[in-house]
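Laid out in structure tokens, this is it:
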């Protein structure tokens, strides 16, 4: 039996007369007992009809009447007064008929709920649960728990507000307290009804309500539209125009459907007065001719993050795909060589690559490598043990002799922040092959080793000005050491603040970096080769070989 109270009787009757479905009636009675929504729609409709009947006349006679009418065809129009109850049924999609007094006109042919537009009638049964589970099974995801989410037409909020105003007067007359916030949301009622059914179809896998950041989550989204009532929201744009964004540079004359988001509509309803609302929208809402349309079921697994360090041994390999004027340069990139095996193994739909800094296409990255992380988007497989991750690392390393990956591991989203924390305060070490226009000897460059904490003012280099804002950045070269090669060449080792432009320090970039090596040696200098020797970021944790 439904746990309804005597005070609910006038509300139930008024809502049934207005054309609300059985589950929406429970919502407006603020019934938070989940099991009440999980019982079949047919049983709920029967109990509600019996509940609103004359208490002195709802015995065996009512039961007989109910039995008689539930056997009738669904299309038959049924009349009900205080002495008899009835239900139209079609499996679990039965609907509560409109209640009428003697002499009232016949109800409209449609039995679609005036509030939920059929969502809690036609889409809260085993048949729809089977449809959802079939889509999930076909996608072949790996998951232990599932989150069920639902997207509803914005006009449901308008219709719910109208029905609430409809029962508000009745509630006040009986000195009862009913606030709009107490009404159970359609989304909640839908989830309460469907979670157990979907879980059963998926072999008992738990279907939960909320997404947790602590565990991997797989989300299945269902959505509904109702084109017939799309215009229900439009009057709000006139009353509360500030809640809706107009078309850019144009006055809001003809509202566009995409501005009527659920949040915007809810915000407008909070601001509009009851009097203005009732002048613009029928109370109770008009009966729709059609039910909602179910959209395609969407599946989405939260991202998986994989981190490690990479070495780059090629001077013709960019870090990311190199495209100039729409034309691809170089056949591959560091991120693609790393990502390809991961995308395949995780069966992900895409990725985002990030790293602790970046090197130019002609710069090698040696030493212990550069920290990197990949966000794998919508992976169909998410769990790998340590041995499997090690095998993934080997697969990447065997795919190309241009790169090598180490310390590969699965990390959390929060751990990604460690790679960027204090990035500019970290240090990096380089080795550069320098050319000098003027002939030099070993003694000419030894003074560089005595130069400590050299402060630079670096204007954004010309070569990156197309993608970075113009600014002057202060950077520090902590130490330098030299190795003389011949009259025009020497090796320069530098330990610098992260973010220092080494090439510009060497050749000066037409004076955009001050001071520079040309100034220090008093001759034109250029850089022929550059290697990154170390990136001093203590992340991700090293993994013993």
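In my numbering, the protein residues as written are 34 to 578.
All residues carry an ideal CB built from backbone N, CA and C; glycine is no exception.
These numbers come from a predicted model, not from an experiment.
Worksheet item: Whose CA, out of 320, 387, 339, lies closest to the CA of residue 353?
Response: Residue 353 has its Cα closest to that of 387, out of 320, 387, 339.
Worksheet item: With C-beta atoms as the reference, is residue 320 less than 7 Å away from residue 152?
Response: Contact flag unset, no.
Worksheet item: Taking DSSP as the reference, what is the three-state secondary structure of residue 179?
Response: Strand at residue 179.
Discussion item. For a test of the three-state rule: what should DSSP assign to residue 262, helix, strand or coil?
Written reply: In this structure, DSSP gives residue 262 a helical state, which the three-state scheme calls helix.
Discussion item. Quick check on residue 562: does DSSP put it in helix, strand or coil?
Written reply: Shown here, residue 562 sits in a strand according to DSSP, grouped into three states.
Discussion item. When you compare the stretch 215-226 with the stretch 69-88, are there three or more beta-carbon pairs, one atom per stretch, that lie closer than 8 Å?
Written reply: When C-beta atoms of the stretch 215-226 are compared with those of the stretch 69-88, three or more pairs fall below 8 Å, so the two segments count as touching.
Worksheet item: If you draw a straight line from the alpha carbon of residue 113 to that of residue 416, how long is it in whole angstroms?
Response: Below a pLDDT of 50, predicted positions are generally treated as unreliable, and residue 113, at 33, falls in that range; the measurement from the model is reported next regardless. One Cα belongs to residue 113, the other to residue 416, and the distance between them is close to 58 Å.
Practice prompt. Pull up the distance between the alpha-carbon of residue 373 and that of residue 326, whole angstroms please.
Written response: Distance between the alpha carbons of residue 373 and residue 326: 39 Å.
Worksheet item: My guess is that residue 217 and residue 63 are in contact by the Cβ rule of under 8 Å, so how many angstroms apart are they, rounded?
Response: Yes, residue 217 and residue 63 are in contact; Cβ-Cβ is about 7 Å, under 8 Å.
Fill in: Beta carbon of residue 414 nearer than 7 Å to that of residue 446
In this structure, residue 446 does not lie closer than 7 Å to residue 414 by Cβ.
Discussion item. Taking the alpha-carbon of residue 589 as reference, which of 499, 239, 556, 350 has the nearest alpha-carbon?
Written reply: The structure shown does not extend to residue 589, since the chain is modelled only from 34 through 578, so no value can be given for it.
Worksheet item: Exposed or buried, which one is residue 561 when buried takes at least 16 other CB atoms within 10 Å?
Response: The residue in question, residue 561, is exposed, as its Cβ has fewer than 16 Cβ neighbours within 10 Å.
Practice prompt. Compare the beta carbon distance of residue 330 and residue 240 with 7 Å and say whether it is the shorter of the two.
Written response: Contact: no.
Practice prompt. Between the Cα of residue 515 and those of 429, 162, 527, spot the shortest distance and give me the residue it belongs to.
Written response: Checking every option, the nearest Cα to that of residue 515 belongs to 527.
Item to complete: Indicate whether residue 398 and residue 345 have their beta-carbon atoms separated by less than 7 Å.
Response: Yes.
Item to complete: Give me whichever residues DSSP pairs with residue 53 in a beta bridge.
Response: Beta-bridge pairing links residue 53 to no other residue.
Practice prompt. Please report the Cβ distance between residue 434 and residue 342, rounded to the nearest whole angstrom; I am assuming they are in contact, meaning their Cβ atoms lie under 8 Å.
Written response: About 17 Å; that fails the 8 Å criterion.
Worksheet item: Is residue 449 near residue 406, with beta carbons less than 7 Å apart?
Response: Yes, these two residues count as a Cβ contact at 7 Å.
Worksheet item: Would you call the CB atoms of residue 394 and residue 351 closer than 7 Å?
Response: Going by C-beta atoms, residue 394 is nearer than 7 Å to residue 351.
Worksheet item: Helix, strand or coil for residue 42 per DSSP?
Response: Annotated three-state conformation of residue 42 is helix, per DSSP.
Item to complete: Apply the 10 Å Cβ neighbour rule to residue 52 and answer buried if 16 or more other Cβ atoms are within range, or exposed otherwise.
Response: Buried is the call here.
Fill in: Host alpha helix (DSSP H) of residue 417 (start-end)
Neither: residue 417 is in no alpha helix (DSSP H) and is coded neither H nor E.
Fill in: residue 359 CB to nearest heavy atom of the ligand MG below 6 Å
Looking at this structure, you won't find the ligand MG or any other ligand, since it has none at all.
Worksheet item: Applying the criterion that 16 or more other CB atoms from any shown protein chain within 10 Å of the CB defines a buried residue, is residue 431 buried or exposed?
Response: When all chains shown are included, residue 431 counts as exposed.
Worksheet item: For residue 477, which three-state DSSP category applies?
Response: Helix, per DSSP.
Fill in: Span separating the alpha-carbon of residue 158 from that of residue 230
Rounded to the nearest whole angstrom, the CA to CA distance from residue 158 to residue 230 is 8 Å.
Discussion item. Here's the rule I'm using: 16 or more other beta-carbon atoms within 10 Å means buried, otherwise exposed. How should residue 385 be labelled?
Written reply: With fewer than 16 Cβ atoms within 10 Å of its Cβ, residue 385 is classed as exposed.
Discussion item. Give me, in chain order, the residues of the same chain whose beta-carbon lies closer than 6 Å to that of residue 503; leave out the 5 immediate sequence neighbours on both sides.
Written reply: Its chain contains 493 as the residues whose beta carbon lies nearer than 6 Å to that of residue 503, once the 5 sequence neighbours on both sides are disregarded; these appear in chain order.
Practice prompt. Report all residues from its chain with a CB closer than 8 Å to the CB of residue 486; omit the five preceding and five following residues, and keep chain order.
Written response: The answer, listed in chain order, is 509, 510, 511.
Fill in: Inter-residue CB distance, residue 311 and residue 375 (contact presumed, cutoff 8 Å)
With a Cβ gap of about 58 Å, residue 311 and residue 375 do not count as contacting.
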